[in-house]
Amino acid sequence: MRKLLLRTLIISLVFLTSCSSGFLFNFIEGEDLLSERNFINIAHRGASGHAPEHTMVAYELGKEMHGDFIEIDLQLTADEEIVVFHDDYVDRVTNKSGEVESFTLKQLKQLDVGSWFNKKHPSRASAAFEDLRVVTLEEILDYFGDDLNYYLEIKETENIDLLLKKLYEILHDYDLIERKDRKAQIVIHSFHYEYLLQIHEDEPDIPLVQLIRFRRKANLSNDRINTIKEYAIGIGLNHKRLSRKFVQKIRRSGLLLHPYTVNDKKRMRQIIGWGVTGMSTDFPDRLHEVLEDLKAGR
Ligand code: G3P
Ligand code: CA
Numbered sequence: 008m009r010k011l012l013l014r015t016l017i018i019s020l021v022f023l024t025s026c027s028s029g030f031l032f033n034f035i036e037g038e039d040l041l042s043e044r045n046f047i048n049i050a051h052r053g054a055s056g057h058a059p060e061h062t063m064v065a066y067e068l069g070k071e072m073h074g075d076f077i078e079i080d081l082q083l084t085a086d087e088e089i090v091v092f093h094d095d096y097v098d099r100v101t102n103k104s105g106e107v108e109s110f111t112l113k114q115l116k117q118l119d120v121g122s123w124f125n126k127k128h129p130s131r132a133s134a135a136f137e138d139l140r141v142v143t144l145e146e147i148l149d150y151f152g153d154d155l156n157y158y159l160e161i162k163e164t165e166n167i168d169l170l171l172k173k174l175y176e177i178l179h180d181y182d183l184i185e186r187k188d189r190k191a192q193i194v195i196h197s198f199h200y201e202y203l204l205q206i207h208e209d210e211p212d213i214p215l216v217q218l219i220r221f222r223r224k225a226n227l228s229n230d231r232i233n234t235i236k237e238y239a240i241g242i243g244l245n246h247k248r249l250s251r252k253f254v255q256k257i258r259r260s261g262l263l264l265h266p267y268t269v270n271d272k273k274r275m276r277q278i279i280g281w282g283v284t285g286m287s288t289d290f291p292d293r294l295h296e297v298l299e300d301l302k303a304g305r
């Protein structure tokens with residue numbers, strides 16, 4: 008009982024300190040990465056500032072650059088395979104045109120999803136980025152196994168039932184649900200609350216994060232926060248709409264807060280100081296440096 012009281016007191020102190028006077032670094036060995044006492048570095052679409060998004064190279068770099076999780080956008084192909092692709096259309100990152108879901112996996116595999124990066128970012132171009140291929144979720148899991156944690160996003164789809172069915176099969180096959188040893192963890196996030204509610208009903212052990220894109224300063228009623236708490240462990244939102252007050256409100260509610268997509272070190276430092284519990288970034292190396300500086304008291 009005394010132990011429990013002491014633990015509650017410590018948690019309250021940590022929380023109050025982080026909310027009132029700025030972020031208190033409190034990485035705890037063996038602690039669940041998704042504990043509200045931890046902070047996570049989420050490599051958005053891999054280390055997508057350094058390499059073409061959603062390619063094995065970007066994921067590999069995300070891991071090397073200390074991403075705790077790799078963020079992965081999921082879509083279904085015309086022949087019902089789960090592939091990783093951000094946009095609805097292939098146009099931006101390939102030299103073809105059309106909706107991702109209208110391609111079969113074989114057709115998608117014929118597209119080069121790397122060369123666009125070299126043209127767009129000549130200063131970061133590399134011959135290794137030419138001719139990279141679309142990957143499936145299973146290929147990623149086969150390749151990285153327990154060496155990564157996976158922060159999966161369900162994009163809008165006409166075939167949500169099928170996508171979820173396939174996804175559950177894969178996650179069970181790879182033992183990524185109810186994983187007790189915490190060697191490889193998953194989170195699922197989506198802007199679509201109805202998808203998250205469905206997942207919560209089907210697979211209540213999967214940690215969920217509700218994505219919200221605020222058009223004005225972030226604000227949520229207590230009712231809305233309580234509703235989100237019924238199915239999700241946290242909220243992800245566009246960091247530009249974030250305020251210190253909002254961070255405090257969400258942290259007080261017990262939800263995690265993972266803003267996206269933060270690429271500027273000064274801004275990273277600022278919102279860490281407000282008490283966010285993680286963030287998505289195209290540059291996990293920058294976030295790592297900020298965290299190392301804070302840990303060293305710099
Ligand atoms: O991490 C949140 C982020 O992935 C949502 O935005 O458009 O990059 O998928 P988007
Ligand atoms: Ca995403």
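Numbering-wise, the sequence shown is residues 8 to 305 according to our numbering.
C-beta atoms are modelled at their ideal positions from N, C-alpha and C, and glycine is treated no differently.
Starting from residue i, trace the alpha helix (DSSP H) in both directions and tell me its first and last residue.
i	result
Gly304	Careful: Gly304 lies outside any alpha helix (DSSP H) and carries neither H nor E.
Glu237	229-238
Ile213	Where Ile213 is concerned, there is no enclosing alpha helix (DSSP H), given that its DSSP letter is neither H nor E.
Phe124	122-127
Leu174	167-180
Phe253	251-260
What number of angstroms, rounded off, separates the C-alpha of residue i from the C-alpha of residue j?
i	j	result
Val97	Ile89	15 Å
Arg220	Ala132	31 Å
Leu298	Ala85	42 Å
Arg189	Asp39	7 Å
Glu87	Thr143	11 Å
Asn166	Leu83	8 Å
Glu237	Tyr202	14 Å
Ile206	Arg293	33 Å
His199	Ala134	38 Å
Leu139	Asn233	43 Å
Leu16	Ile184	Confidence at Leu16 is low in this model, with a pLDDT of 41, below 50, so its placement is unreliable and the value that follows should be read with caution. Going by the C-alpha atoms only, they are around 32 Å apart.
Asn45	Ser228	25 Å
Ala239	Glu160	14 Å
Leaving aside the five residues before and after residue i along the sequence, list all residues of the same chain whose C-beta is less than 6 Å from its C-beta, in chain order.
i	result
Tyr181	Leu148
Ala54	Ala65, Leu68, Gly69, Met72, Pro291
His61	Arg52, Val91
If the criterion is Cβ atoms closer than 8 Å, does the pair residue i and residue j meet it?
i	j	result
Leu171	His196	no
Thr101	Leu118	yes
Arg231	Arg248	no
Gly241	Leu262	yes
Leu115	Val91	no
Tyr175	Glu210	yes
Ile193	Leu169	no
Phe253	Asn226	yes
Going by DSSP, what residue range makes up the beta strand (DSSP E) through residue i?
i	result
Ser197	193-197
Got a sec? Which residues, its chain only, sit under 8 Å from residue i by beta carbon, not counting five neighbours each side?
i	result
Ser109	Ala85
Pro1	A query on residue 1 cannot be resolved here, the shown segment of the chain reaching from 8 to 305 and no further.
Asp94	Val100, Val107
Tyr105	The residue you asked about is not Tyr; residue 105 is Gly in the sequence shown. The answer, listed in chain order, is Tyr96, Val97, Asp98.
Roughly how far, in whole angstroms, is the beta-carbon of residue i from the beta-carbon of residue j, given that I think they are within contact range, below 8 Å?
i	j	result
Ala50	Ile77	5 Å
Ile79	Tyr158	7 Å
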